[in-house]
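**Q** Residue numbers (full-length UniProt numbering), protein chains in the order written: chain A, 1 to 211; chain B, 1 to 211.
Submitted below is the structure of interest, expressed as structure tokens.
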DNA sequence: TAGATTGTTAATCGATTAACAATC
DNA sequence: TAGATTGTTAATCGATTAACAATC
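This is how it looks when you write it as structure tokens:
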């Protein structure tokens, strides 16, 4: 079955939201409860979940812990992912230090850079290796995801080096459309600033904006 | 008129793409040329632009420099935006150092933090101030955008402090749905990793994925 | 003029929402 | 059983795409 991309994004949001409920000691939630917190419609929640199975009990709602497990299975965060950061600059350093990643089962196990000066150093306790060792270490360390945190000019080249390895997907922080057959998630920071810029201006002009 | 949100995002992509054409010395491009580079349909490009005016010449295409100017006007990057980063941790530091922001007219002019240890220091040449000075400095420095780069637990509190000032919009790096009437752009890093996780697993399972 | 490409309308596609029978 | 809430279908809404007359 064809699953809408927005549904996948929301699954991540449901997961987070359910964790809050769990922390609050809540055992059962309704689609209504979830929807309220996320500012969406209850039927959206039920529809999204229904793509993957029947997780609720009519009249009762969803068992929080059980649903957390189901969603973790669906999005694949029931296991730990080994991640390599490519680029030991500011962004790479920030991501290596970012506590949100290990907290969510994404473990940065290696950093790669082309600068021999940086190789051998440690960032957030993680060793920086030279790009030429990428293939070897990906196999050895069982790395499945790569983060592209290099300048725009180097991004496509890095992709080609990644494709030589068994890495299965890329989170791309560079503002370039990558040419690759691997799955890519773009995190486009300047685009977010530009969108905000548009929203501010048009709010000031009193124009209508969608969502 | 109601403009689709995806249209705004694409406007930013067109802008980038046109800059590449300009750098290559190209003077006129067709919707086809732009669409090819971005992997979308030419009619999408024309439709997006048509929300805002008639910028092309039939039979000829679009004047690259003129269209760059038009898009800059639309998304509001014909002027420089003064930006404050809230949170002088790793992420805040990375953003302060990120060359993509000033390059795109977003100038980080101040960093704010609650930690007295950090106040007075400089990051990427930008002074770190104490949160209690936010309101005063926002007025003095004419700051219009805030970047939330604080831990999840502090995010909503920061929003309330921002709302006391004349700041007009927020780029939010914390994984929390902010309650505010200001325009917010969320940059949800862990959600991107989770989406990639889903895509990898389902590609391996041979499932269909949308887009 | 002939060829090319726009701007726009209408058709299609996909995602969200309302409604409700099923059932805990 | 009565009340609540699911899972799912059908209706609606919104965004993308194809098609083509207008026109450079």
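A virtual CB, placed ideally from N, CA and C, is assigned to each residue, including glycine.
So with Cβ pairs under 7 Å, would you call residue 40/A a contact of chain B?
**A** For the purposes of this step, residue 40/A is taken as the residue at position 40 of the first chain. For residue 40/A, the answer is no, since every Cβ of chain B falls outside 7 Å of its Cβ.
**Q** Leaving out five residues before and five after residue 64/A in sequence, what residues of the same chain have Cβ atoms less than 8 Å from its Cβ?
**A** Walking along the first chain from the start, residue 64/A turns up at place 64. Excluding sequence neighbours, residue 64/A sits near 18, 21, 22, 26, 27, 28 and 29.
**Q** Would you check if the segment 138-154 of chain A and the segment 79-92 of chain A touch, i.e. whether three or more CB-CB distances between them fall below 8 Å?
**A** yes
**Q** Per DSSP, residue 186/B is paired with what?
**A** What you label residue 186/B is simply residue 186 of the second chain in a count that begins at 1. 172/B.
**Q** Helix, strand or coil for residue 113/A, going by three-state DSSP, please let me know.
**A** Against the first chain, residue 113/A aligns to sequence position 113. Strand.
**Q** Who are the neighbours of residue 168/B on chain A, taking C-beta pairs under 7 Å?
**A** The count along the second chain starts at 1 and reaches residue 168/B at position 168. Ordered by position in chain A, the residues that pass the 7 Å Cβ test against residue 168/B are 200.
**Q** Within 10 angstroms of the Cβ of residue 113/B, are there 16 or more other Cβ atoms? Answer buried if so, exposed if not.
**A** On the second chain, position 113 is the one that residue 113/B refers to. Classification of residue 113/B: buried, given that the 10 Å Cβ count is 16 or more.
**Q** Report the rounded CA-to-CA distance for residue 124/A versus residue 67/A, giving the unit in angstroms.
**A** In the first chain, residue 124/A corresponds to position 124, counting from 1. In the first chain, residue 67/A corresponds to position 67, counting from 1. Answer to the nearest angstrom: the Cα atoms are 34 Å apart.
**Q** Could you tell me which chain B residues have their CB closer than 8 Å to the CB of residue 98/A, listed as they occur along the chain?
**A** On the first chain, residue 98/A is found 98 positions in, with the first residue counted as 1. 90, 91 and 189, listed in chain order.
**Q** When burial is assigned at 16 or more other CB atoms within 10 Å of the CB, is residue 39/B buried or exposed?
**A** For the purposes of this step, residue 39/B is taken as residue 39 along the second chain, with counting starting at 1. Classification of residue 39/B: exposed, given that the 10 Å Cβ count is below 16.
**Q** Going by beta-carbon coordinates alone, are residue 52/B and residue 74/B separated by less than 7 Å?
**A** As a first step, residue 52/B must be located in the second chain, where it is residue number 52. As a first step, residue 74/B must be located in the second chain, where it is residue number 74. Going by C-beta atoms, residue 52/B is nearer than 7 Å to residue 74/B.
**Q** Here's a check: name, in chain order, each residue in its chain whose Cβ is nearer than 6 Å to the Cβ of residue 172/A, leaving out the five neighbours to either side.
**A** Start at 1 with the first residue of the first chain, and residue 172/A comes out as number 172. Closer than 6 Å at Cβ, skipping near neighbours: 148, 178, 184 and 186.
**Q** Quickly, what does DSSP pair residue 63/B with across the bridge? List them, please.
**A** On the second chain, position 63 is the one that residue 63/B refers to. Beta-bridge pairing links residue 63/B to 28/B.
**Q** Go ahead and pull the three-state DSSP assignment for residue 45/A.
**A** For the purposes of this step, residue 45/A is identified with residue 45 of the first chain, where counting begins at 1. Note: residue 45/A maps to helix in three-state DSSP.
**Q** For the segment 154-178 of chain B, which residues have a CB atom closer than 8 Å to at least one CB atom of chain A, in sequence order?
**A** The segment 154-178 of chain B vs chain A, Cβ under 8 Å: 168, 169, 170, 171, 175 and 177.
**Q** Could you check whether the Cβ of residue 193/A sits closer than 7 Å to any Cβ belonging to chain B?
**A** Within the first chain, the letter at position 193 stands for residue 193/A. At a cut-off of 7 Å between C-beta atoms, residue 193/A counts as an interface residue with respect to chain B.
**Q** Alpha carbons only, please: which of 134/A, 140/A and 142/A is nearest the one belonging to residue 160/A?
**A** Locating residue 160/A in the first chain gives position 160, where the first residue counts as 1. The shortest Cα separation from residue 160/A among 134/A, 140/A and 142/A belongs to 134/A.
**Q** For chain B, find out if any of its Cβ atoms is closer than 7 Å to the Cβ of residue 58/A; answer yes or no.
**A** Start at 1 with the first residue of the first chain, and residue 58/A comes out as number 58. Not one chain B Cβ lies under 7 Å of residue 58/A.
**Q** Can you check whether the C-beta of residue 267/B is within less than 7 Å of a C-beta belonging to chain A?
**A** Residue numbering for chain B in the displayed model covers 1 to 211; residue 267/B lies beyond these limits and cannot be assessed.
**Q** Note down, in chain order, every chain A residue with its Cβ under 8 Å from the Cβ of residue 9/B.
**A** Against the second chain, residue 9/B aligns to sequence position 9. Neighbours of residue 9/B on chain A, chain order: 191 and 195.
**Q** Counting only Cβ pairs nearer than 7 Å, list the residues of chain A close to residue 203/B.
**A** Here residue 203/B corresponds to residue number 203 of the second chain, with the count starting at 1. Ordered by position in chain A, the residues that pass the 7 Å Cβ test against residue 203/B are 183.
**Q** How far does the alpha helix (DSSP H) with residue 143/A in it reach, from first residue to last?
**A** By 1-based counting over the first chain, the position of residue 143/A is 143. First-last for residue 143/A: undefined, no H or E at that position.
**Q** Should residue 211/A go down as buried or exposed, given a rule of 16 or more other Cβ atoms within 10 Å for buried?
**A** As a working note, residue 211/A is residue 211 in the first chain. Per-residue confidence for residue 211/A stands at a pLDDT of 47, beneath the threshold of 50, marking its modelled position as unreliable; no derived number is given.
**Q** Using alpha carbons as the reference points, say which of 88/A, 106/A, 137/A and 44/A lies closest to residue 121/A.
**A** The residue you call residue 121/A lines up with position 121 of the first chain. Measuring from the Cα of residue 121/A, the nearest candidate turns out to be 88/A.
**Q** If the cut-off is 8 Å on Cβ atoms, which residues from the segment 12-24 of chain A count as contacting chain B, listed in chain order?
**A** 12, 13, 15 and 16
**Q** Flag this pair as yes or no: are the beta carbons of residue 96/B and residue 126/B separated by less than 7 Å?
**A** Locating residue 96/B in the second chain gives position 96, counting from the first residue. Locating residue 126/B in the second chain gives position 126, counting from the first residue. A distance below 7 Å separates the beta carbons of residue 96/B and residue 126/B.
**Q** Hey, how far is the Cα of residue 32/B from the Cα of residue 201/A?
**A** By 1-based counting over the second chain, the position of residue 32/B is 32. By 1-based counting over the first chain, the position of residue 201/A is 201. Straight across, the Cα-Cα distance linking residue 32/B with residue 201/A is about 29 Å.
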